[in-house]
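Enquirer:
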Amino acid sequence: MSRKWVLFLPLSLVLLLAGLFGYALLSGVDPSEMPSALEGETMPAFRLSTVQDSRDMLSADDLLGEPFLLNIWATWCPSCKWEHPYLNSLAQEGVRIIGVNYKDERELAQAWLNDYANPYEIDLFDPNGDLGFELGVTGAPETFFIDAQGVIRYRFQGPIDSALWHDELKAVYDSLH
Amino acid sequence: MTRFIKPLRELLVLVLIGAALTASAEQEQRYFDNDALRDRYEQLIWELRCPKCQNQNIAGSNAPIAADMRDKTYELLHQGYSDAQIIDYMIERYSEFVTYKPRVTWGTVWLWLIPGAGLLTGALVVLWLARRSASQPAAPISAAERQRLNELLQRESDES
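Protein chains in written order, with numbering that gives the first Met the number 0: chain A, 0 to 176; chain B, 0 to 159.
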């Protein structure tokens, strides 16, 4: 008779699930936030020119040696414009940032970098989004944290601002060294 | 009656033209070496999920990334990739999210195990209940109860 608790098993399971769903709803879990398939992987090989010079071809090896942020941006992307001043101040603090101009036009990208200052040590030009595809990019801006050996350690979707950097991302960047 | 039919017919023609135009706007012009390849393409873009837009496949999505994935699917098909290889290629870049049929891994095996475990638990509970009621025969009724029962049965048969 003492085993009557078995009858309450379904109810407790339902309550457990309700708790789980309630937690997911109320704690602000973002369902559009996706894990990157590439964290822990070496960055994909590519061969792209720079924004400034169509004859200046670079490959992944040209980026390595020191940890860096790989920032995916475009002139058609409003949040990239919003993020841009903060990237400039990060670059001034000595953070190494490499830009990937994603699915854009060379002239527009050049004008942007002239007008709004250039935070990028290297500007890659990815007009067809080939490197973006290899990286699993779904839109701009996105920032990959890559160590000196070229291993992708972290991917951040969306624009970076001062609060985000100091609360979360700076620690990730420091851990790359 | 006939004076309504002509405007109606014109309206219908307009609606059909509109439908045809929107349909062709969504359809990309693609050329395939053979029909088998086209069928596999249609199947794949139906099965792959757009990573940018929630709950849309790449066939139905207008997101730029979905267009890129359709291009890549088309390209890989013509390079001789198998369907499974193309899906793996997408998963390697866009994570498990892009497939509606998750592969069996330590992270996803629960999708199969939990329903099984639920069924098993349910079956065990039912079995346990059946066993318990079988092992405990109903207590014999007392003389007073028997008399009351007989009265009730008597009344029933009288009424019918």
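Every residue, glycine too, gets a C-beta built ideally from N, C-alpha and C.
When the distance is taken between beta carbons, is residue 121/A closer than 8 Å to residue 57/A?
Expert: Translated into positions along the first sequence, residue 57/A becomes position 58. Translated into positions along the first sequence, residue 121/A becomes position 122. Cβ distance < 8 Å, so residue 57/A and residue 121/A count as in contact.
Enquirer: Compute the Euclidean distance between the alpha carbons of residue 143/B and residue 111/B, then round it to the nearest angstrom.
Expert: On the second sequence, residue 143/B is found 144 positions in, with the first residue counted as 1. On the second sequence, residue 111/B is found 112 positions in, with the first residue counted as 1. Straight-line Cα distance between these residues: approximately 56 Å.
Enquirer: Tell me which residue opens and which closes the alpha helix (DSSP H) that residue 72/B is part of.
Expert: Start at 1 with the first residue of the second sequence, and residue 72/B comes out as number 73. First-last of the alpha helix (DSSP H) with residue 72/B: 63-77.
Enquirer: Candidates 38/A, 133/A, 163/A: which alpha carbon is nearest residue 46/A's?
Expert: The residue given as residue 46/A occupies position 47 in the first sequence. That would be 133/A, whose Cα lies nearest to the Cα of residue 46/A.
Enquirer: Are the CB atoms of residue 149/A and residue 59/A nearer to each other than 8 Å?
Expert: In the first sequence, counting from the first residue as 1, residue 149/A sits at position 150. In the first sequence, counting from the first residue as 1, residue 59/A sits at position 60. Result yes, Cβ atoms of residue 149/A and residue 59/A sit closer than 8 Å.
Enquirer: Quick one: what's residue 137/A bridged to in DSSP?
Expert: If you number the first sequence from 1, residue 137/A lands on position 138. For residue 137/A, which the question treats as bridged, DSSP gives no partner whatsoever.
Enquirer: If you drop the 5 nearest sequence neighbours on each side, which residues of the same chain put their C-beta closer than 6 Å to that of residue 118/A?
Expert: Here the question's residue 118/A lines up with position 119 in the first sequence. Result list for residue 118/A: 86, 87, 90, 96, in chain order.
Enquirer: Between the segment 70-101 of chain B and chain A, which residues of the former have CB atoms less than 8 Å from a CB of the latter, in chain order?
Expert: So the close ones are 71, 90, 91, 92, 93, 94, 95, 96.
Enquirer: Give a yes or no on whether 8 Å exceeds the smallest Cβ distance from residue 146/B to chain A.
Expert: Start at 1 with the first residue of the second sequence, and residue 146/B comes out as number 147. No, residue 146/B does not count as interfacial toward chain A.
Enquirer: Who are the neighbours of residue 74/A on chain B, taking C-beta pairs under 7 Å?
Expert: Taking the first residue of the first sequence as position 1, residue 74/A is located at position 75. Result: empty, since nearest Cβ-Cβ is about 14 Å, beyond 7 Å.
Enquirer: At least one CB of chain A closer than 8 Å to the CB of residue 113/B: is that the case?
Expert: Sequence index remark: in the second sequence, residue 113/B carries index 114 (1-based). No, its Cβ sits nowhere closer than 8 Å to a Cβ of chain A.
Enquirer: Less than 8 Å between the CB atoms is what I'm expecting for residue 99/A and residue 129/A, so what's the real figure, rounded?
Expert: In the first sequence, counting from the first residue as 1, residue 99/A sits at position 100. In the first sequence, counting from the first residue as 1, residue 129/A sits at position 130. In fact, because the Cβ distance is near 10 Å, the residues do not count as touching under 8 Å.
Enquirer: Looking only at DSSP bridge pairs, what is residue 100/A linked to?
Expert: Here residue 100/A refers to the residue found at position 101 of the first sequence. BP columns for residue 100/A point to 72/A, 124/A.
Enquirer: How long is the line joining the alpha carbons of residue 7/A and residue 14/A, rounded to whole angstroms?
Expert: Counting from 1 along the first sequence, the entry for residue 7/A is found at position 8. Counting from 1 along the first sequence, the entry for residue 14/A is found at position 15. Approximately 11 Å between the Cα atoms of the pair.
Enquirer: Using a Cβ-Cβ cut-off of less than 9 Å, list which residues of the segment 133-155 of chain A approach chain B; keep chain order.
Expert: If the cut-off is 9 Å between Cβ atoms, the segment 133-155 of chain A has 133, 134, 135, 136, 137, 138 near chain B.
Enquirer: For residue 145/A, list the residues DSSP reports as bridge partners.
Expert: Start at 1 with the first residue of the first sequence, and residue 145/A comes out as number 146. Partner(s): 67/A, 151/A.
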